[in-house]
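For reference, the structure discussed in these notes is given below.
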Amino acid sequence: MWGLGHSSRTSVAGSASFAGIVQMEEDKHCNKVEDVVGSHVEDAVTFWAQSINRNKDIMKIGCSLSEVCPLANSVFGNLDPKKIYGGLFSEDKCWYRCQVLKVINDEKCLVRYIDYGNTEILNRSDIVEIPLDLQFSSVAKKYRLWGLQIPSSQEVTQFDQGRTFLGSLIFEKEIKMRIKATYQDGTIIAQAEYGNVDIGEEVAKKGFAEKCRLTSSTNICEEKKSDPGQLVLRNLKSPIPLWGHRSSQSNFTRPKGRLSGRMCLDLKNENDAGNNVTFPKENLAVGDFNLGSNVSLAKIKQDQKLIEENEKLKTEKEVLLERCKALELKVEQTAQELQQEKATTMDLTKRLESTLKTCIGTRMKNLAAKVEILKEIRRVSISVRFGNDLSDAIQVLDEDCFTIPASLNELELIWAEYNLAQEKIQTCENVNEGNILIAERNEVQQKLYMAVEVFILEVDELSLNKRLKTLQDLSASLEAVYGQAKEGINSEEILEKFNDWRCNKREEFTSVRSETETCIQRLIAWFQNTLKAFDLSVEKSLISDDTIDNIDEILENTESGVCKELEISLIEQGDADKEIILKTCSQVLQKIRSEESLIATVQSKYKDSVEFKKQIIECLNKSPSVDHLLSIKKTLKSLKARLRWKLVEKNNLEESDDHDGSEIEKIKQEITQLRNSVFEGIYHEQEEYAKLSSLVQKWFPELPLLHPEIGLLKYMNSGGLLTMSLERDLLDAEPMKELSSKRPLICSEVNGQIILLKGYSVDVDTEARVIQRAAAYHTAWREAKGESGLLPLIFLFLCKSDPMAYLMVPYYPRANLNAVQSTMPLTSEEALKVMKGVAQGLHTLHKADIVHGSLHQNNVFALNRQHGIVGDFDFTKSVSQRTSVNMMVGDLSLLSPELKMGKPASPSSDLYAYGCLLLWDDNVKSLLCSLICCRSSVTAEQVLNADCFLLPKGKSMPNSEKDTEYIPKKEEEELKVKNLDKDKEKTRNGEASFD
Numbered sequence: 001m002w003g004l005g006h007s008s009r010t011s012v013a014g015s016a017s018f019a020g021i022v023q024m025e026e027d028k029h030c031n032k033v034e035d036v037v038g039s040h041v042e043d044a045v046t047f048w049a050q051s052i053n054r055n056k057d058i059m060k061i062g063c064s065l066s067e068v069c070p071l072a073n074s075v076f077g078n079l080d081p082k083k084i085y086g087g088l089f090s091e092d093k094c095w096y097r098c099q100v101l102k103v104i105n106d107e108k109c110l111v112r113y114i115d116y117g118n119t120e121i122l123n124r125s126d127i128v129e130i131p132l133d134l135q136f137s138s139v140a141k142k143y144r145l146w147g148l149q150i151p152s153s154q155e156v157t158q159f160d161q162g163r164t165f166l167g168s169l170i171f172e173k174e175i176k177m178r179i180k181a182t183y184q185d186g187t188i189i190a191q192a193e194y195g196n197v198d199i200g201e202e203v204a205k206k207g208f209a210e211k212c213r214l215t216s217s218t219n220i221c222e223e224k225k226s227d228p229g230q231l232v233l234r235n236l237k238s239p240i241p242l243w244g245h246r247s248s249q250s251n252f253t254r255p256k257g258r259l260s261g262r263m264c265l266d267l268k269n270e271n272d273a274g275n276n277v278t279f280p281k282e283n284l285a286v287g288d289f290n291l292g293s294n295v296s297l298a299k300i301k302q303d304q305k306l307i308e309e310n311e312k313l314k315t316e317k318e319v320l321l322e323r324c325k326a327l328e329l330k331v332e333q334t335a336q337e338l339q340q341e342k343a344t345t346m347d348l349t350k351r352l353e354s355t356l357k358t359c360i361g362t363r364m365k366n367l368a369a370k371v372e373i374l375k376e377i378r379r380v381s382i383s384v385r386f387g388n389d390l391s392d393a394i395q396v397l398d399e400d401c402f403t404i405p406a407s408l409n410e411l412e413l414i415w416a417e418y419n420l421a422q423e424k425i426q427t428c429e430n431v432n433e434g435n436i437l438i439a440e441r442n443e444v445q446q447k448l449y450m451a452v453e454v455f456i457l458e459v460d461e462l463s464l465n466k467r468l469k470t471l472q473d474l475s476a477s478l479e480a481v482y483g484q485a486k487e488g489i490n491s492e493e494i495l496e497k498f499n500d501w502r503c504n505k506r507e508e509f510t511s512v513r514s515e516t517e518t519c520i521q522r523l524i525a526w527f528q529n530t531l532k533a534f535d536l537s538v539e540k541s542l543i544s545d546d547t548i549d550n551i552d553e554i555l556e557n558t559e560s561g562v563c564k565e566l567e568i569s570l571i572e573q574g575d576a577d578k579e580i581i582l583k584t585c586s587q588v589l590q591k592i593r594s595e596e597s598l599i600a601t602v603q604s605k606y607k608d609s610v611e612f613k614k615q616i617i618e619c620l621n622k623s624p625s626v627d628h629l630l631s632i633k634k635t636l637k638s639l640k641a642r643l644r645w646k647l648v649e650k651n652n653l654e655e656s657d658d659h660d661g662s663e664i665e666k667i668k669q670e671i672t673q674l675r676n677s678v679f680e681g682i683y684h685e686q687e688e689y690a691k692l693s694s695l696v697q698k699w700f701p702e703l704p705l706l707h708p709e710i711g712l713l714k715y716m717n718s719g720g721l722l723t724m725s726l727e728r729d730l731l732d733a734e735p736m737k738e739l740s741s742k743r744p745l746i747c748s749e750v751n752g753q754i755i756l757l758k759g760y761s762v763d764v765d766t767e768a769r770v771i772q773r774a775a776a777y778h779t780a781w782r783e784a785k786g787e788s789g790l791l792p793l794i795f796l797f798l799c800k801s802d803p804m805a806y807l808m809v810p811y812y813p814r815a816n817l818n819a820v821q822s823t824m825p826l827t828s829e830e831a832l833k834v835m836k837g838v839a840q841g842l843h844t845l846h847k848a849d850i851v852h853g854s855l856h857q858n859n860v861f862a863l864n865r866q867h868g869i870v871g872d873f874d875f876t877k878s879v880s881q882r883t884s885v886n887m888m889v890g891d892l893s894l895l896s897p898e899l900k901m902g903k904p905a906s907p908s909s910d911l912y913a914y915g916c917l918l919l920w921d922d923n924v925k926s927l928l929c930s931l932i933c934c935r936s937s938v939t940a941e942q943v944l945n946a947d948c949f950l951l952p953k954g955k956s957m958p959n960s961e962k963d964t965e966y967i968p969k970k971e972e973e974e975l976k977v978k979n980l981d982k983d984k985e986k987t988r989n990g991e992a993s994f995d
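Spelled out as structure tokens, the structure:
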């Protein structure tokens with residue numbers, strides 16, 4: 001947008017012939033006409049002007065500088081004269097582009113405003129760096145009137161008048177410039193016209209300029225380039241014209257007052273104040289500076305030095321003025337303060353005079369008020385201040401301290417011997433050796449039984465509950481006053497130090513109270529004597545120094561005694577006193593906790609002893625019976641045989657040619673009843689197994705060794721999931737061919753519930769691992785029950801005819817997430833409920849140190865579109881084998897990045913798959929980013945506590961990016977979520993594929 005141009009340099013005309021000194025080239029735009037507006041005048045023939053076409057450019061420059069310069073850095077170091085800076089004009093405090101002409105000193109610089117042409121001395125702090133996009137050529141150009149020059153004999157007054165006259169002709173007026181030539185320094189030689197007026201001729205007519213002597217070769221006026229610093233010094237020394245009203249034809253603006261400077265005005269005033277002195281010819285002819293005529297260089301340097309000294313004096317003057325103002329302000333403030341102090345002193349004097357009149361009355365009123373407060377304090381106990389409550393607590397702990405019963409130590413020894421005997425039986429695998437160990441255990445059991453009886457009798461005689469209640473009340477009262485106990489060293493020295501401190505405080509308080517009583521009694525006696533002295537009915541005179549004491553002294557002592565007692569009673573204790581009391585309180589509370597812990601230990605052992613006595617008294621010297629379990633197994637065997645016979649009978653009838661439909665229907669009903677009876681018997685069998693398992697774990701570890709035929713150890717190893725009475729052929733099973741691509745799946749109905757049998761091919765090693773993994777899963781579900789978020793396992797049984805293991809689970813047709821989203825997608829509220837249940841399931845597994853490793857859309861179930869659960873996984877495979885399957889949802893892989901890099905599976909990889917399943921919900925972007933992009937520290941428990949899962953019912957999740965504990969940076973989150981949005985549509989309605 002901006003054109004290129006030469007840097008602005010100053011030059012003025014000379015008064016002699018310039019041939020051979022300065023080369024001037026023909027302008028390629030010679031005789032071109034240009035419309036400009038005058039902006040600054042240097043002398044009668046030299047001025048600066050702006051092209052009328054650059055008006056908008058000037059406005060843009062001003063706007064840019066007003067935004068950039070206030071925030072830019074001030075210049076430092078060496079300044080580049082060719083570089084363009086931003087300068088703060090002193091008069092209007094606006095920013096304009098400028099170039100440095102001369103560095104005057106470390107603080108001052110002479111600059112030219114290149115878009116207007118005027119100059120000014122600025123502080124370095126008012127010059128700033130501007131960006132490169134503002135580093136272009138100046139808007140204003142320097143012009144010189146064609147064929148004119150300043151006369152060499154011109155005086156300074158005429159010089160100023162000529163400059164003022166030229167300014168009246170061109171300043172802020174549209175003038176036509178007919179370009180004749182251009183100097184190498186960029187100065188344009190042109191003929192100026194304003195309407196029909198030739199400006200050059202008008203200047204010459206007035207005698208402010210004269211015609212140039214022309215050379216014979218080019219017929220063009222030449223001129224030597226002047227030194228910028230010298231020209232500026234001349235311009236600064238010259239008076240500046242005050243322009244009239246601006247032309248209404250121009251909308252151009254320029255820095256106000258740029259044709260004048262403070263230094264220029266100061267110098268002018270100095271010149272006007274003296275005699276009417278005319279400058280020598282050498283100083284008046286600007287051309288002489290350029291032609292190296294008779295002008296003295298020393299004189300120029302002297303002028304420059306005078307300017308610099310004037311600046312320094314001016315700065316000193318301003319500093320002195322500031323100091324003077326500060327001193328005047330300080331004197332004024334001091335006078336005001338003195339006046340205020342005088343007024344305060346007068347008020348104080350008046351108040352003192354008024355107080356002296358009522359001194360005795362006022363003192364008596366104040367003393368009576370303090371005595372009233374002291375009476376109230378003496379009514380209230382101040383035992384806390386002296387630790388009386390702590391002293392009482394210490395006494396309670398010492399007097400009725402609970403000690404361990406003597407029988408407890410012996411009981412502990414026998415119980416340890418009993419536990420060791422139980423462990424030996426549990427690890428024994430030989431029946432004969434086991435019988436020996438059982439006999440030894442029974443002997444120890446007899447001893448333990450006797451010790452338990454003695455211990456129970458001894459504890460029954462103790463008032464444990466009463467003592468525990470006393471300790472709890474004591475602890476609560478101390479904590480209410482002193483707060484919670486702090487951990488500290490258990491030391492008797494603390495209690496001794498507290499006792500000494502308490503005695504000293506009591507003595508001090510007793511002494512102060514006694515002194516107060518004495519002073520008050522003395523005051524009462526004074527009143528009584530005074531009453532007698534002023535009793536007119538008494539004839540004998542009682543007035544004497546011995547009879548009536550000095551009331552001032554008595555009041556002083558009484559006030560002192562009362563105030564001292566109030567101080568002890570009311571003022572808070574010091575840090576040293578508080579430390580002693582708090583340490584003592586902590587020590588007392590530690591003793592209470594220790595005794596409470598000891599009582600709790602005895603009570604726990606008492607409870608175990610009572611339970612042991614209750615269990616052992618029935619089975620002393622004998623093992624519990626398994627006859628009931630064997631009876632259930634026998635009944636089950638009979639029921640299964642009858643069921644198989646009925647199944648054969650039904651099949652025979654169905655295959656016969658003349659079968660009776662009613663007969664077959666009757667047999668089917670009998671089969672259903674028998675099948676329900678079998679399952680009822682299996683449930684009873686499982687209950688009996690659970691009872692025996694509890695006895696094995698607590699009292700009788702020999703049961704699996706003595707009765708291996710019942711398979712109790714297998715039941716216990718499976719976590720109560722394995723049953724040995726259930727068989728595949730007992731079920732009315734229907735093959736699920738559409739779901740049996742990986743393993744046999746069979747659907748059936750048990751007691752009105754639709755179940756699914758999952759078949760696993762197993763060998764000897766795989767069978768044990770399947771039972772172990774299924775048991776861990778089942779244990780995690782059983783401990784959490786309805787809050788587990790997991791698909792429950794009903795039974796696990798092994799096929800007797802084939803190497804197969806069957807797992808029975810509930811069947812939820814068309815309830816997996818893939819089917820639900822394909823038919824009728826969940827609403828936002830439903831999705832949050834379902835996915836919260838899935839997060840709960842993952843939390844249950846991870847809490848039990850189980851990594852699912854196989855989470856996908858077909859393995860997540862939305863029950864009734866309200867409750868989500870996580871399905872089980874392939875128990876024949878390890879975690880690494882399960883995660884090796886490349887699971888996809890739409891075009892998005894459910895494998896986390898660390899799994900793709902070969903790292904082992906972890907809870908984090910489960911949560912990554914969970915996050916991918918969340919892609920179809922737009923309302924959980926914050927949580928989504930935490931799971932997929934920033935998931936290093938996210939756990940399933942944190943997911944459950946996410947804001948989206950904590951909303952009240954009936955409110956849908958707002959689509960907002962709120963900061964949660966999962967979001968480190970909102971900007972990064974939004975960027976990462978955008979990358980995930982590409983897969984949303986495919987995931988929302990697409991089918992999941994699993995390799």
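Under full-length UniProt numbering, read the sequence shown as residues 1 to 995, first letter to last. Using N, Cα and C, we set each Cβ at its ideal position, and we do this for glycine too.
Legend entry - Selection from 88, 92, 83, 516 that minimises the alpha carbon distance to residue 137: Along the sequence shown, read from residue 1 onward, the residue named residue 137 stands at position 137. Nearest C-alpha to residue 137: 83.
Legend entry - Closest residue to residue 134 among 68, 171, 435, 492 (Cα-Cα distance): Position 134 of the sequence shown, counted from the first residue, corresponds to residue 134. The shortest C-alpha separation from residue 134 is found at 68.
Inset, instruction - Indicate the three-state DSSP secondary structure (helix, strand or coil) for residue 782 in the structure shown. - result: Residue numbering aside, residue 782 sits at position 782 when the sequence shown is read from its first letter. In this structure, residue 782 counts as helix in the three-state DSSP scheme.
Inset, instruction - Could you tell me whether the segment 752-770 touches the segment 804-812, where touching means 3 or more Cβ pairs closer than 8 Å? - result: yes
Inset, instruction - Pull up the distance between the alpha-carbon of residue 776 and that of residue 696, whole angstroms please. - result: Reading the sequence shown from its first residue, position 776 is the one you call residue 776. Reading the sequence shown from its first residue, position 696 is the one you call residue 696. Cα to Cα, the separation comes out at about 20 Å.
Legend entry - Residue of 799, 752, 941 minimising C-alpha distance to residue 723: For this step, residue 723 is matched to residue 723 along the sequence shown. If we check each option's Cα against that of residue 723, 799 comes out closest.
Legend entry - Backbone CA spacing between residue 566 and residue 355 [nearest angstrom]: Stepping through the sequence shown from its first residue, residue 566 is reached at position 566. Stepping through the sequence shown from its first residue, residue 355 is reached at position 355. For residue 566 and residue 355, the gap between their C-alpha atoms comes out near 25 Å.
Legend entry - For residue 803, three-class secondary structure by DSSP: The residue given as residue 803 occupies position 803 in the sequence shown. Looking at residue 803 - three-state DSSP - the assignment turns out to be coil, as it is neither helix nor strand.
Inset, instruction - Select from 733, 318, 692, 605 the residue whose C-alpha is nearest the C-alpha of residue 460. - result: Position 460 of the sequence shown, counted from the first residue, corresponds to residue 460. Measuring from the Cα of residue 460, the nearest candidate turns out to be 605.
Inset, instruction - Quick one: measure Cβ to Cβ for residue 886 and residue 858, integer angstroms, because I've assumed they're closer than 8 Å. - result: Within the sequence shown, residue 886 is the residue found at index 886, counting from 1. Within the sequence shown, residue 858 is the residue found at index 858, counting from 1. 15 Å between Cβ atoms; not a contact.
Legend entry - Opening and closing residue of the beta strand (DSSP E) in which residue 41 lies: Translated into the one-based positions of the sequence shown, residue 41 becomes position 41. 33-41 is the extent of the beta strand (DSSP E) around residue 41.
Legend entry - Cut-off 8 Å between Cβ atoms - residues of its own chain near residue 198, not counting five sequence neighbours on either side: Along the sequence shown, read from residue 1 onward, the residue named residue 198 stands at position 198. In the same chain as residue 198, and ignoring 5 residues on each side of it, the C-beta atoms closer than 8 Å to its own belong to 191, 192, in chain order.
Inset, instruction - Give a yes or no on whether the C-beta atoms belonging to residue 671 and residue 643 are separated by under 9 Å. - result: For the purposes of this step, residue 671 is taken as the residue at position 671 of the sequence shown. For the purposes of this step, residue 643 is taken as the residue at position 643 of the sequence shown. Going by C-beta atoms, residue 671 is nearer than 9 Å to residue 643.
Legend entry - Per DSSP, cross-strand counterpart(s) of residue 810: Translated into the one-based positions of the sequence shown, residue 810 becomes position 810. Note: residue 810 sits in a beta bridge opposite 755.
Legend entry - residue 789 versus residue 593: straight-line alpha-carbon distance, rounded: Counted from its first residue, the sequence shown places residue 789 at position 789. Counted from its first residue, the sequence shown places residue 593 at position 593. Their Cα atoms are separated by approximately 40 Å.
Legend entry - Nearest candidate by alpha-carbon position, reference residue 725, set 322, 346, 379, 630: Sequence index remark: in the sequence shown, residue 725 carries index 725 (1-based). If we check each option's Cα against that of residue 725, 630 comes out closest.
Inset, instruction - Assign residue 964 to one of three DSSP states: helix, strand, or coil. - result: Position 964 of the sequence shown holds residue 964. For residue 964, the predicted model reports a pLDDT of 31, less than 50, meaning its position is unreliable; a value from the coordinates is still stated below. In the displayed model, residue 964 falls within coil according to three-state DSSP, outside both helix and strand.
Legend entry - First through last residue of the alpha helix (DSSP H) which encompasses residue 204: Stepping through the sequence shown from its first residue, residue 204 is reached at position 204. Segment 199-205, the alpha helix (DSSP H) holding residue 204.
Legend entry - Sequence-distant residues of the same chain with beta carbon closer than 7 Å to residue 452, five excluded per side: For the purposes of this step, residue 452 is taken as residue 452 along the sequence shown, with counting starting at 1. Here the set comprises 411, 609, 612, 613.
Legend entry - Opening and closing residue of the alpha helix (DSSP H) in which residue 630 lies: Here residue 630 refers to the residue found at position 630 when the sequence shown is read from its first residue. Residue 630 -> alpha helix (DSSP H) spans 627-655.
Legend entry - First through last residue of the alpha helix (DSSP H) which encompasses residue 683: Looking up residue 683 in the sequence shown gives position 683. Per DSSP, residue 683 belongs to the alpha helix (DSSP H) from 661-698.
Inset, instruction - State the Cα-Cα distance for the pair residue 636 and residue 676, rounded to the nearest angstrom. - result: For the purposes of this step, residue 636 is identified with residue 636 of the sequence shown, where counting begins at 1. For the purposes of this step, residue 676 is identified with residue 676 of the sequence shown, where counting begins at 1. Whole-angstrom Cα-Cα distance: 11 Å.
Legend entry - Beta-carbon proximity check, residue 650 vs residue 678, cutoff 9 Å: Counting from one through the sequence shown, the residue named residue 650 turns up at place 650. Counting from one through the sequence shown, the residue named residue 678 turns up at place 678. Cβ distance not < 9 Å, so residue 650 and residue 678 don't count as in contact.
Legend entry - residue 124 versus residue 131 - alpha carbon distance: Looking up residue 124 in the sequence shown gives position 124. Looking up residue 131 in the sequence shown gives position 131. Whole-angstrom Cα-Cα distance: 18 Å.
Legend entry - Cβ shell of residue 276 (< 7 Å), same chain only, five flanking positions each side left out: Taking the first residue of the sequence shown as position 1, residue 276 is located at position 276. Its pLDDT being 35, under 50, residue 276 is placed unreliably in this model, and the value from its coordinates should be taken loosely. Contacts found: none.
Legend entry - Status (buried if at least 16 other CB within 10 Å, exposed otherwise) for residue 450: Locating residue 450 in the sequence shown gives position 450, where the first residue counts as 1. Within 10 angstroms of the beta-carbon of residue 450 lie fewer than 16 other beta-carbons, which makes it exposed.
Legend entry - Beta bridge counterpart(s) of residue 192 as assigned by DSSP: Mapped onto the sequence shown, residue 192 falls at position 192. For residue 192, which the question treats as bridged, DSSP gives the partners 177.
Inset, instruction - Taking residue 175 as the reference, give the member of 737, 37, 946 with the closest Cα. - result: Within the sequence shown, numbered from 1, the residue matching residue 175 stands at position 175. Residue 37 is the option with its Cα nearest to residue 175.
Inset, instruction - Express the C-alpha separation of residue 422 and residue 746 in angstroms, rounding to a whole number. - result: In the sequence shown, the residue the question calls residue 746 occupies position 746. In the sequence shown, the residue the question calls residue 422 occupies position 422. Roughly 44 Å separates the two Cα atoms.
Inset, instruction - Count the C-beta pairs between the segment 733-744 and the segment 653-663 that are closer than 8 Å, then say yes if the count reaches three, no if not. - result: no
Legend entry - Outcome for residue 431 when other beta-carbon atoms lying within 10 angstroms are tallied against a minimum of 16: The residue labelled residue 431 in the question sits at position 431 within the sequence shown. That one is exposed.
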